[in-house]
Amino acid sequence: VSTQSTGYQRRVRREKKEKRKRERSRSRSRSRSRSRSRSSSPDKKGEQRSSITIPMTEYERLRAQMKKDRESRPLKPVRKERISEEEKKKRLEEMQKAAEAHDRERFKRIKRAEEKDKMEELKEKLLREKEKSTFLDKVNREVYSEDNQITVEDRIKRGIHFRQRGLETES
347 VSTQSTGYQR RVRREKKEKR KRERSRSRSR SRSRSRSRSS SPDKKGEQRS SITIPMTEYE
407 RLRAQMKKDR ESRPLKPVRK ERISEEEKKK RLEEMQKAAE AHDRERFKRI KRAEEKDKME
467 ELKEKLLREK EKSTFLDKVN REVYSEDNQI TVEDRIKRGI HFRQRGLETE S
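In the numbering used here, the protein residues as written are 347 to 517.
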């Protein structure tokens with residue numbers, strides 16, 4: 347008998363004891379009560395009261411299931427036949443081959459993931475560079491292009507305005 351089963355048995359005994367205690371306290375409180383009994387028939391010795399059926403809780407269902415499982419299990423563990431040395435060696439070789447194959451696959455997956463990460467970094471880097479260059483190109487076109495039809499006079503006025511503005515903030 348393992349220590350778990352004895353602990354379990356103690357717990358079950360303790361729960362039964364607490365349950366009996368609760369039932370006793372309920373019956374005492376009912377007898378002291380001045381109100382009518384809830385049972386359909388008068389309380390006589392030998393007759394049982396009709397009680398309200400309470401649905402089983404999940405805990406009770408699990409306990410019942412565990413009890414059924416425990417009863418269906420054999421008491422003594424069934425011993426397996428001993429494996430011959432040849433069978434042991436054969437199984438060991440199979441396990442070693444499987445481990446090697448698993449390691450090879452794992453290294454392949456790691457290598458593929460690293461390559462994928464490198465490719466993504468490269469793509470991101472190229473995108474950033476392209477975005478920078480397209481942004482600068484766009485700004486340059488807007489400022490210096492002839493499409494905007496800015497005359498030399500407008501550019502000179504703009505330059506004078508910004509220079510004067512800079513002088514005012516300094517003084």
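Note that beta-carbon positions come from the ideal geometry of N, C-alpha and C, so glycine has one too. Quick caveat, the model's predicted, so the values are computed rather than measured.
Who are the near neighbours of residue i in its chain, counting only those whose CB is closer than 8 Å to its CB and skipping five residues on each side?
i      : result
Glu439 : none
Gln355 : none
Taking 7 Å as the cut-off, is the CB of residue i close to at least one heavy atom of the ligand FAD?
i      : result
Thr352 : Only the bare structure without any ligand can be found here, which leaves the ligand FAD out of the picture.
8 Å is my cut-off, CB to CB: does residue i come that close to chain B?
i      : result
Gln510 : Absence of chain B from the displayed structure is noted, only one protein chain being present.
Tell me which same chain residues have a C-beta within less than 6 Å of the C-beta of residue i, skipping the five on either side of it?
i      : result
Glu427 : none
Out of the options, state which residue places its alpha-carbon closest to the alpha-carbon of residue i.
i      : options                : result
Ala410 : Gln442, Glu432, Val358 : Val358
Apply the 10 Å Cβ neighbour rule to residue i and answer buried if 16 or more other Cβ atoms are within range, or exposed otherwise.
i      : result
Lys365 : exposed
Just to confirm my understanding: we take residue i, look at its own chain, exclude 5 residues before and 5 after, and list those with CB closer than 7 Å. What are they?
i      : result
Lys363 : none
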